[in-house]
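Enquirer: If you scroll down you'll find the structure; I have some questions about it.
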Amino acid sequence: MAYSVRHITRFRYEPAVRESVMEVRMQPRTDARQRCLSFSLDVSPRANMMMYRDFFGNAVHHFDIPGQHELIEVAAQAVVEVLPPLVAQPSAVGDWNELDARVAQGDYWEMMLPSQYARPTELLEKLGEKLDLKRRGNPWNCCRN
C-alpha cells in the first residue's frame with residue numbers, strides 16, 4: 002500500500018532574524034518495512050540545500066537562509082510504499098554469545114544504555130520478574146515468548 006505524505010512546518014520570527022541555519026530529517030527511510038518512492042523538500046525563502054546521511058542512515062537536509070526574514074516554510078512531500086512485515090527466521094538469529102560479542106565490539110552501544118526515554122524503574126523490574134525475563138534459548142525466542 003502506498004501513502005502520500007505532506008508535512009509543512011512554519012517558523013515565524015518577531016522581530017525578524019538575520020540568518021537561519023537548519024537541518025531537517027523529514028525524508029522517510031527506505032528499509033525492510035517501507036520504500037520511499039519519491040521525496041521533495043521545498044524551503045521558502047529559497048535556500049541552497051545539502052544532504053548527508055547521519056549515523057543512523059537518516060537523510061539530513063542542511064540549509065542556510067542568509068538575510069533578514071520573519072517566516073520560513075519547510076514543505077516535505079513523499080510517497081511511501083509500506084511493505085508487509087518481514088519476520089526473521091529463528092535459524093538466522095545468533096545466540097547470546099554472538100550478541101555479547103557484537104556489543105563488546107561497540108555495535109548497538111546506543112541501544113544498550115539507559116536514556117531519558119528508557120531507564121530502569123521499579124515497575125519495569127517488576128514486569129521483568131512477572132514475565133520471567135531471563136537469558137534462555139536465543140535472543141529471538143526470549144523476545145518472542
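Quick note: the sequence shown, position 129, residue 130 per our numbering, numbers continuous.
The C-beta atom is built at its ideal place from N, Cα and C for all residues, glycine as well.
If contacts are defined as beta-carbon pairs under 8 Å, then His-70 and Glu-24 qualify, I think. What distance do you get, rounded to the angstrom?
Expert: Within the sequence shown, residue 70 is the residue found at index 69, counting from 1. Within the sequence shown, residue 24 is the residue found at index 23, counting from 1. No, His-70 and Glu-24 are not in contact; Cβ-Cβ is about 18 Å, not under 8 Å.
Enquirer: Roughly how many angstroms lie between the CA atoms of Lys-135 and Cys-143, to the nearest whole one?
Expert: Here residue 135 corresponds to residue number 134 of the sequence shown, with the count starting at 1. Here residue 143 corresponds to residue number 142 of the sequence shown, with the count starting at 1. Rounded to whole angstroms, Lys-135 to Cys-143 spans 8 Å at the Cα level.
Enquirer: Measuring straight from C-alpha to C-alpha, what distance separates Ala-79 and Arg-34?
Expert: Counting from 1 along the sequence shown, the entry for residue 79 is found at position 78. Counting from 1 along the sequence shown, the entry for residue 34 is found at position 33. Cα to Cα, the separation comes out at about 16 Å.
Enquirer: Given a cut-off of 8 Å on the beta-carbon distance, is the pair Glu-9 and Ala-76 in contact?
Expert: Counted from its first residue, the sequence shown places residue 9 at position 8. Counted from its first residue, the sequence shown places residue 76 at position 75. The residue you asked about is not Glu; residue 9 is Ile in the sequence shown. Against a cut-off of 8 Å, the Cβ pair of Ala-76 and Ile-9 comes out as a contact.
Enquirer: By a C-beta neighbour count over all protein chains shown, 10 Å radius and 16 as the cutoff for buried, is Val-83 buried or exposed?
Expert: Here residue 83 refers to the residue found at position 82 when the sequence shown is read from its first residue. Exposed: under 16 other Cβ atoms inside 10 Å.
Enquirer: So Gly-1 is in the alpha helix (DSSP H); what residue range does that whole segment cover?
Expert: Not covered by the structure: residue 1. The range shown for the chain is 2 to 146.
Enquirer: Please name the residue in Val-81, Met-50, Asp-101 whose C-alpha comes closest to that of Ile-66.
Expert: Residue numbering aside, residue 66 sits at position 65 when the sequence shown is read from its first letter. Per the Cα distances, Met-50.
Enquirer: Here's the rule: buried if 16 or more other CB atoms are within 10 angstroms of the residue's CB, otherwise exposed. What is Val-81?
Expert: What you label residue 81 is simply residue 80 of the sequence shown in a count that begins at 1. Flag for Val-81 reads buried.
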